[in-house]
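A.B. asks: Residue numbers (our numbering): 411 to 778.
1) Among the residues of its own chain, which have a CB less than 8 angstroms from the CB of residue 716, if the five just before and after it don't count?
2) Going straight from the alpha carbon of residue 469 to that of residue 431, what length do you get?
3) Short check: CB of residue 541 to CB of residue 501, under 9 angstroms?
4) What do you reckon, is the C-beta of residue 540 under 8 angstroms from a heavy atom of the ligand NAD?
5) Could you check what DSSP says for residue 659 in three-state terms: helix, strand or coil?
6) Verify whether the separation of the beta carbon atoms of residue 504 and residue 519 is less than 9 angstroms.
7) Work out the CA separation of residue 769 and residue 761 for me, nearest whole Å.
8) Less than 8 angstroms between the CB atoms is what I'm expecting for residue 687 and residue 562, so what's the real figure, rounded?
9) Are the CB atoms of residue 551 and residue 490 within a distance shorter than 9 angstroms?
10) In three-state DSSP terms, what is residue 497?
11) Under the three-state reduction of DSSP, which class applies to residue 754: helix, strand or coil?
12) Can you grab the Cα-Cα spacing for the pair residue 613 / residue 627, in whole Å?
13) Please return the same chain residues whose Cβ sits closer than 8 angstroms to the Cβ of residue 460, not counting the five positions on each side in sequence.
14) Roughly how many whole angstroms lie between the Cα atoms of residue 583 and residue 486?
15) Under 7 angstroms Cβ to Cβ from residue 690, same chain only, skipping five residues before and after it: list those, please.
16) Here's the rule: buried if 16 or more other CB atoms are within 10 angstroms of the residue's CB, otherwise exposed. What is residue 567?
17) Let me check understanding here. Comparing Cα to Cα, which of 573, 479 and 471 lies closest to residue 705?
18) Just to confirm, are residue 537 and residue 484 a CB contact at a threshold of 9 angstroms?
19) Going along the chain, which residues of its own chain have a beta-carbon closer than 6 angstroms to the beta-carbon of residue 412, five neighbours each way excluded?
20) Could you pull out every residue in the same chain whose Cβ sits closer than 6 angstroms to the Cβ of residue 532, ignoring the five residues on either side in sequence?
21) Can you grab the Cα-Cα spacing for the pair residue 458 / residue 424, in whole Å?
22) Write down the C-beta distance between residue 444 and residue 453 rounded to the nearest angstrom, noting that I regard them as a contact closer than 8 angstroms.
23) Given this structure, state the Cα-to-Cα distance separating residue 758 from residue 475, to the nearest angstrom.
24) Flag this pair as yes or no: are the beta carbons of residue 756 and residue 682 separated by less than 9 angstroms?
25) Which same chain residues end up closer than 8 angstroms to residue 730 when comparing Cβ atoms and leaving out the 5 residues on each side of it in sequence?
26) Among 467, 606 and 495, which has the Cα closest to the Cα of residue 648?
27) As a quick exercise: from 510, 673, 751 and 735, pick the residue whose alpha carbon is nearest that of residue 480.
28) Measure the C-alpha to C-alpha separation of residue 426 and residue 464 and round it to an integer number of angstroms.
29) What do you get for residue 575, buried or exposed, if any count of 16 or more other CB atoms within 10 angstroms of its CB means buried?
30) By a C-beta neighbour count over all protein chains shown, 10 Å radius and 16 as the cutoff for buried, is residue 499 buried or exposed?
31) Which residue wins for smallest C-alpha separation from residue 659, given the options 674, 462, 517 and 673?
32) On the CB-based measure, 16 or more other CB atoms within 10 Å of its CB, does residue 558 come out buried or exposed?
33) Cβ of residue 670 less than 9 angstroms from any chain B Cβ?
34) Using the Cα positions of residue 471 and residue 419, report the straight-line distance between them to the nearest angstrom.
35) Using DSSP bridges, identify the partner residues of residue 519.
Here's what the structure looks like:
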């Protein structure tokens, strides 16, 4: 479907801002890394565009190469995560710039690599924002769903018992991380979440007005070229202006290892078979998708959770800090499992695999 240039531009802008807000929510807020980001000039001018552009850039590469399945997106998200080397240098010097959580291997901090490259950025910064974006799009209208979302994503958009457990876990995880990072400041947590969810809802209403779909995130060659130049300049500015000036570049070894990681991850992507996105979504499953009502319930659940966990932190902060540490260990272990599973499934994202997933979900719901 073709739209007038002015309408298409509005669709793109709304889609870009919406997916950017979602990435900020799940990456920065859920980790507790950002606070009142919408009032902070650095966050608005640097951090928000960083996440927005990275999501759009790597999703467009996925579209361009037909590597669009969640398995492929996991690997694209690993490339996304490597900004933590050039821009923040966290993968080289650790979270505190003192020493890594675990030892460094080839100049790469192992604990940070497991948490950020194998889990947080692929899942929370990239895949989850795109899936939630699609949830919001389908809540506008589920007619012709295959034209509005990526078909291989649909098994993750259905409210199966497994997907429900994953959603609840991620919201509990993010709420605990926020509570500890904000030191139990309930007002801060409610304000930053309320403001961010408010922006997401406002953009959702605009998306509904302008009939935004997942394809509204697609850009042409000029758009990709612009984002490439932006990212190169940002990486260079932060590498030399922040990393080099602050003494956060621990020699050539981490740089060489990071470049090798780019090569290995790119090989995993391009040696895998393209995803087949021509499978029609069964109508019986569309009715059981994650709805806007479900998403609102998750939002309310998190706001209540932030209040409860904030009280717990104020009474027994040690308990919350232990929970934080145990959860980080858990996601590092889960990251290894995710990476192994993605490696195994990278060549099976075909029509037969997708139909089998639909069939299994239908059977579990007794829809057939």
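Think of the CB as a built atom: it goes at the ideal place given N, C-alpha and C, for glycine as much as any other residue. In this text, all values refer to a predicted model and were calculated from it rather than measured experimentally.
C.D. replies: For this structure:
1) One-based indexing of the chain shown puts residue 716 at position 306. Excluding positions up to five away in sequence, the list reads 585, 588, 589, 596, 599, 600 and 603.
2) Numbered from 1 along the chain shown, position 59 holds the residue referred to as residue 469. Numbered from 1 along the chain shown, position 21 holds the residue referred to as residue 431. Near 16 angstroms, if we compare the C-alpha coordinates of residue 431 and residue 469.
3) Numbered from its first residue, the chain shown carries residue 541 at position 131. Numbered from its first residue, the chain shown carries residue 501 at position 91. Taking 9 angstroms as the Cβ cut-off, residue 541 and residue 501 do not qualify as a contacting pair.
4) By its list of ligands, the structure shown contains no ligand whatsoever, and the ligand NAD lies outside what it can speak to.
5) Position 249 of the chain shown, counting from 1, holds the residue named residue 659. In the structure shown, residue 659 sits in coil (DSSP, three-state: anything other than H, G, I, E or B).
6) Residue numbering aside, residue 504 sits at position 94 when the chain shown is read from its first letter. Residue numbering aside, residue 519 sits at position 109 when the chain shown is read from its first letter. It is a contact, given that the beta carbons lie within the stated cut-off.
7) Locating residue 761 in the chain shown gives position 351, where the first residue counts as 1. Locating residue 769 in the chain shown gives position 359, where the first residue counts as 1. Whole-angstrom Cα-Cα distance: 12 angstroms.
8) The residue labelled residue 687 in the question sits at position 277 within the chain shown. The residue labelled residue 562 in the question sits at position 152 within the chain shown. With 8 angstroms as the limit, residue 687 and residue 562 qualify as a contact, their Cβ atoms being about 6 angstroms apart.
9) Numbered from its first residue, the chain shown carries residue 490 at position 80. Numbered from its first residue, the chain shown carries residue 551 at position 141. No.
10) Here residue 497 refers to the residue found at position 87 when the chain shown is read from its first residue. It is coil, neither helix nor strand.
11) Taking the first residue of the chain shown as 1, we reach residue 754 at position 344. If DSSP states are grouped into helix, strand and coil, residue 754 belongs with the helices.
12) Taking the chain shown and counting its residues from 1, one reaches residue 613 at position 203. Taking the chain shown and counting its residues from 1, one reaches residue 627 at position 217. Whole-angstrom Cα-Cα distance: 14 angstroms.
13) Translated into positions along the chain shown, residue 460 becomes position 50. So the qualifying residues of the chain are 493, 497 and 644.
14) As a working mapping, residue 583 is identified with position 173 in the chain shown. As a working mapping, residue 486 is identified with position 76 in the chain shown. Spanning the two alpha carbons is a distance of roughly 23 angstroms.
15) Locating residue 690 in the chain shown gives position 280, where the first residue counts as 1. Closer than 7 angstroms at Cβ, skipping near neighbours: 556.
16) As a position in the chain shown, residue 567 is number 157, starting the count at 1. Buried, by the Cβ-count rule.
17) Along the chain shown, read from residue 1 onward, the residue named residue 705 stands at position 295. If we check each option's Cα against that of residue 705, 573 comes out closest.
18) If you number the chain shown from 1, residue 537 lands on position 127. If you number the chain shown from 1, residue 484 lands on position 74. Taking 9 angstroms as the Cβ cut-off, residue 537 and residue 484 qualify as a contacting pair.
19) In the chain shown, counting from the first residue as 1, residue 412 sits at position 2. Only weak support is given to the placement of residue 412: the predicted model assigns it a pLDDT of 49, under 50, and the value that follows is read from those uncertain coordinates. If we look at residue 412 and ignore the five residues flanking it on each side, it has no Cβ neighbours.
20) For this step, residue 532 is matched to residue 122 along the chain shown. Counting only Cβ-Cβ distances below 6 angstroms, and skipping sequence neighbours, we find 484, 487 and 488.
21) What you label residue 458 is simply residue 48 of the chain shown in a count that begins at 1. What you label residue 424 is simply residue 14 of the chain shown in a count that begins at 1. So the two alpha carbons sit approximately 14 angstroms from each other.
22) For this step, residue 444 is matched to residue 34 along the chain shown. For this step, residue 453 is matched to residue 43 along the chain shown. Yes, residue 444 and residue 453 are in contact; Cβ-Cβ is about 6 angstroms, under 8 angstroms.
23) Translated into the one-based positions of the chain shown, residue 758 becomes position 348. Translated into the one-based positions of the chain shown, residue 475 becomes position 65. Residue 758 and residue 475: Cα-Cα distance of roughly 16 angstroms.
24) On the chain shown, residue 756 is found 346 positions in, with the first residue counted as 1. On the chain shown, residue 682 is found 272 positions in, with the first residue counted as 1. Yes; because the gap between Cβ atoms is below 9 angstroms, this pair is in contact.
25) If you number the chain shown from 1, residue 730 lands on position 320. Taken in chain order, the residues that qualify are 586, 589, 590, 594, 719, 722 and 723.
26) Here residue 648 is taken as the residue at index 238 of the chain shown, counted from 1. Comparing Cα-Cα distances from residue 648 to each of 467, 606 and 495, the minimum goes to 495.
27) For the purposes of this step, residue 480 is identified with residue 70 of the chain shown, where counting begins at 1. Measuring from the Cα of residue 480, the nearest candidate turns out to be 751.
28) Numbered from its first residue, the chain shown carries residue 426 at position 16. Numbered from its first residue, the chain shown carries residue 464 at position 54. Spanning the two alpha carbons is a distance of roughly 11 angstroms.
29) As a working mapping, residue 575 is identified with position 165 in the chain shown. Exposed is the call here.
30) Here residue 499 is taken as the residue at index 89 of the chain shown, counted from 1. Label assigned to residue 499: buried.
31) The residue given as residue 659 occupies position 249 in the chain shown. Checked all of 674, 462, 517 and 673; the closest Cα to residue 659 is 517.
32) Here residue 558 corresponds to residue number 148 of the chain shown, with the count starting at 1. Counting Cβ neighbours within 10 Å, residue 558 comes out buried, since at least 16 surround it.
33) Of the protein chains in the structure, only one exists, and it is not chain B.
34) Sequence index remark: in the chain shown, residue 471 carries index 61 (1-based). Sequence index remark: in the chain shown, residue 419 carries index 9 (1-based). C-alpha separation (whole angstroms): 20 angstroms.
35) Numbered from 1 along the chain shown, position 109 holds the residue referred to as residue 519. Answer by DSSP bridge pairing, in chain order: 514.
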